[in-house]
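The numbering of the sequence shown is the working numbering, which starts it at 1 and goes up by one.
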Amino acid sequence: MKHVTLRDLFTLAYWKNIWHVLVDAFNGFNDDKCMKKSASLAYYTVFSIGPLLMIVIWCIGFFYGEHLQSGSSAQDQVLEEVMVLFGQDVTTQIQSYLQKITFENKSNMGITIGIVTLILSSTTLFVDIQDSINNIWKVKPKPKKGWLKLIINRLISFSIVIALGFLLIASLMINGVIVAVTNLVMTYFPFIPIALISWVNTGITFSVIVILFGFIFSFLPDAKVKFRDMLGGAIFTGLLFMLGRYGISIYLNLSSTASFYGAAGSIIVMLLWIYYSAALLYFGAEFTK
């Protein structure tokens, strides 16, 4: 995609080109069976989300300690971020997963096996995303020995898990600064609307999501992506995700999915959240292609 200037944004040809890109992305989305890929990712995520978040919580706990400056635990802070993205039902289900993951009263061998299992489980999610984006972008991985490719893919995926932890750490630090500044501003400048602070928090959440998608598009596929294309795709996918999560929330509330499935309702809601969120990710990959 050619370099875009501010003047281009006001030309009809530019928006026609954007329309054609969107049409091509939609056609590619159907041709590449991205909804099927989304279902596969939802299945893997059910088994990966607990270990993935546990590793992220460990990363935050390593830098912040058991409790953050606000007095809440690292797990509570992570769950708050999850609730912002996915809503209360999904957060409640994930919280029950995390409560069952423990290494207390276990031998060294048991702890080692548990940690290895956590790493393998948490990285399976990103390995599946890697395979799907390779397929969407029609990329054929360079031939490597089976065990070597497995190790490399897992290391890349684990690096993204760690990067996610650092992103959340940065987000928590920025949010802490915003809270302090907000208290100061409301004390000396009470006429400033609180909505402005809310918009700043939304902007931070959006930035974290864009950076995460940027990592995914840059490092997971077996292809070199230009920074400009990666950034455009990450911003588009981030906008799509931010808008889409509201649409998904409205749909799930109107469809009464949780009550229809009874005791399994929260699991079904989480599956549907991940399913539709994965579809947005893969449409973003089609747009970036």
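Cβ coordinates follow ideal geometry from the N, Cα and C atoms, glycine included.
| task | Using beta-carbon positions only, say whether Q77 and L98 come within less than 8 Å of one another. | result | no
| query | If we call anything under 8 Å between Cβ atoms a contact, is Q130 one with L231? | reply | no
| said: Quick check: V210 and G238, are their CB atoms within less than 8 Å of each other? | reply: yes
| Quick one, are the C-beta atoms of A278 and L53 less than 8 Å apart? | no
| query | Can you check whether the CB of A39 is closer than 8 Å to the CB of I136? | reply | no
| request: Give a yes or no on whether the C-beta atoms belonging to V90 and M270 are separated by under 8 Å. | output: yes
| Residues near S218 by beta carbon distance below 7 Å, same chain, minus five either side | V225, M230
| Helix or strand or just coil, what does DSSP make of D222? | coil
| F287 vs V21 beta-carbon contact at 8 Å | yes
| said: Excluding the 5 residues flanking I156 on each side, which residues of the same chain have their C-beta closer than 8 Å to its C-beta? | reply: F126, Q130, F219, L220
| query | Within 10 angstroms of its Cβ, does L281 collect 16 or more other Cβ (buried), or is it exposed? | reply | buried
| field | Straight-line Cα distance separating I274 from I204 | value | 22 Å
| query | What is the DSSP secondary structure of P141, counted as helix, strand or coil? | reply | coil
| message | Spatial neighbours of F236 within its chain, please: C-beta separation below 7 Å, excluding the five flanking residues on both sides. | response | G284, F287
| request: Give me the Cα-Cα distance between K36 and F227, rounded to the nearest whole angstrom. | output: 29 Å
| Which residues in the same chain have their Cβ closer than 6 Å to the Cβ of T124, if we skip the five residues on either side of it in sequence? | Y44, S48
| Count the other CB atoms within 10 Å of the CB of S132; is the residue buried (16 or more) or exposed (fewer)? | buried
| message | Measuring alpha carbon to alpha carbon, tell me which residue in Q88, K289, T187 is nearest R245. | response | Q88
| task | Taking the CB atoms as reference points, tell me whether W276 and I250 lie closer together than 8 Å. | result | Strictly speaking, residue 276 in this sequence is Tyr, with Trp absent from that position. No; because the gap between Cβ atoms is not below 8 Å, this pair is not in contact.
| message | Once the 5 residues before and after D294 are set aside, which same chain residues still bring their CB inside 8 Å of it? | response | Lying outside 1 to 289, the shown extent of the chain, residue 294 is not represented and no answer is given.
| field | Distance, V116 Cα to I151 Cα | value | 13 Å
| request: Under 7 Å Cβ to Cβ from V301, same chain only, skipping five residues before and after it: list those, please. | output: Nothing in the structure corresponds to residue 301, since the chain is present only between 1 and 289.
| Per-residue DSSP class, three states only, for K33 | coil
| task | Measure the alpha-carbon distance for L196 versus T202 and round it to whole angstroms. | result | 10 Å
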